[in-house]
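Read through the structure below, which is laid out as structure tokens, and then see the notes.
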Amino acid sequence: MNRKDFKFLEETIYLDSSAGALKPRQVIDAGVNFYENYSINPHSVDSKKGVWLSQRIQEIRKATAAFSNASYDEVIFTSGTTDGLNRIADMLIHKLKKDDEIIVTSLNHAANVIVWIELAKKTGAKLIWSETIFDAINEKTKLIALAEVNNTIEVERDMEEIYSVANKQGVLVVNDAAQSISHKPVNSKWADFTVYSSNKLYGPTGFGVMIMSTKLQKELPLVRFGGGANATFSRESWIPHEGFASREPGTPNTAAILMHGAALDYINSIGMENIMKHEDEIAKYAYDKISTIEDVKFASKRGDKNIIFNIGNLNSQDIVSYLGHRNIILRAGQHCVRLIQEATGEPSWMRASIGLYTNKTDIDKMVEEIKNGGDFLDFI
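Per the UniProt record's numbering, the very first residue in the sequence shown carries number 1; after that it's consecutive.
This is the structure:
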């Protein structure tokens, strides 16, 4: 892994990749190149630049599909995971009815809970909380919304098995892949909807992907409308384009698409297997190194890419703020999982999250600063 690609790391130790991964210079350059040399609307193809831009976007859609074992027509660009989940909920308003059931887990991110609370309010459906998933599926179940990998206590789900059982009973499955997409291969065939944000994948903020089968695209209603999505319209009616184009109205976030494409190229050039091997080594090293801190306690297990820990009765936010003022960035709190207190008995945890650029020196320096931190209040 070439840390020199990440200028941010020259002065900072970054251990918050689960909140947002850093961007290598290749990704940043792709955005700059667009604004300096191709800054036109990609719907305008009456020029060499316009043709190149249109072709490049097609290439990136193909690469996005290949990255998650999807087909070209299944890829829909969004503004991120949260946008994708909201779109799915909007599409399902007329599919769910009173007393239908939506299965969620207590470790779902807030974005993968609140949308279903709102959908239940609008339809009369009920939220069913289950950690095992399978025991909660019955004839009333219409939707299972979960994360293949959680952003706090890592519970890795067997999406193939879950989808196989759910599909036989006509239950739709939503995979929030925001935390798995950068750490392991994600197979979109094992969910009806797969959503993630590019910023978790070393790509730009404000851009994401929703993978949705062409069958469901034909069955479920459009929920976003505007120019670019219509084949034609009159004073009284309109006809949408076929396929994904009907679900991507308006001028696209072209710079972000190009940056997302550069992020995929970057990851593919390293290889997911190499990333997994490196991150597994660093994650285990981090757990072992943090274990040497007096009074440390973990909510994560050895090998998790999110190391969740506290130190005795010390305030986790004080420690993280202390480290942050020494250019060591990690996270404290509930990490958008409000129910983590129920799962662990503690309201707040520190989280050091691993990325492809994390090395052992990062971990050593963090642990050293914690051991020398005293009351962690001298930054005030």
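Where a beta carbon is used, it is the ideal one built from N, C-alpha and C, also for glycine.
Taking only three categories from DSSP, how would you classify residue i?
i           : result
residue 331 : strand
residue 93  : coil
residue 101 : strand
residue 192 : coil
residue 37  : helix
residue 173 : strand
residue 28  : helix
residue 297 : strand
residue 225 : coil
residue 145 : strand
residue 264 : helix
residue 383 : With the chain represented from 1 up to 380, any question about residue 383 goes unanswered, as that position is not in the structure.
residue 110 : coil
residue 198 : helix
residue 9   : helix
residue 153 : coil
residue 231 : strand
residue 388 : Past the boundaries of the shown model lies residue 388; the chain is included only from 1 to 380, so the question cannot be answered.
residue 239 : strand
residue 68  : coil
residue 203 : coil
residue 187 : coil
residue 178 : coil
residue 220 : coil
With a threshold of 16 other CB atoms inside 10 Å of the CB of residue i, please say whether the residue is buried or exposed.
i           : result
residue 349 : buried
residue 129 : exposed
residue 117 : exposed
residue 221 : exposed
residue 109 : buried
residue 255 : buried
residue 51  : exposed
residue 305 : buried
residue 440 : As displayed, the chain neither begins before 1 nor continues past 380, which places residue 440 out of reach and without an answer.
residue 64  : buried
residue 148 : buried
Given this structure, state the Cα-to-Cα distance separating residue i from residue j, to the nearest angstrom.
i           : j           : result
residue 157 : residue 170 : 20 Å
residue 260 : residue 68  : 14 Å
residue 279 : residue 184 : 10 Å
residue 44  : residue 249 : 15 Å
residue 364 : residue 139 : 52 Å
residue 35  : residue 258 : 11 Å
residue 85  : residue 113 : 10 Å
residue 19  : residue 219 : 34 Å
residue 132 : residue 106 : 11 Å
residue 74  : residue 367 : 44 Å
residue 253 : residue 361 : 37 Å
residue 311 : residue 91  : 45 Å
residue 240 : residue 77  : 17 Å
residue 290 : residue 155 : 21 Å
residue 173 : residue 47  : 42 Å
Check each candidate in the options and name the one with the smallest Cα separation from residue i.
i           : options            : result
residue 195 : 82, 277, 255       : 82
residue 96  : 274, 142, 72       : 142
residue 161 : 72, 218, 191       : 191
residue 247 : 88, 24, 5, 12      : 88
residue 79  : 204, 363, 376      : 204
residue 189 : 182, 180, 213, 168 : 213
residue 177 : 211, 319, 316      : 211
residue 6   : 266, 330, 324      : 266
residue 41  : 224, 135, 228      : 228
residue 26  : 3, 223, 236, 149   : 3
residue 381 : 175, 313, 354, 321 : Shown here, the chain extends from 1 to 380; a query on residue 381 therefore has no answer.
residue 316 : 352, 275, 168, 270 : 352
residue 296 : 275, 274, 319, 11  : 319
Based on the DSSP output, what are the partners of residue i in its beta bridges?
i           : result
residue 16  : 353
residue 78  : 208
residue 127 : 102
residue 306 : 353
residue 311 : 296
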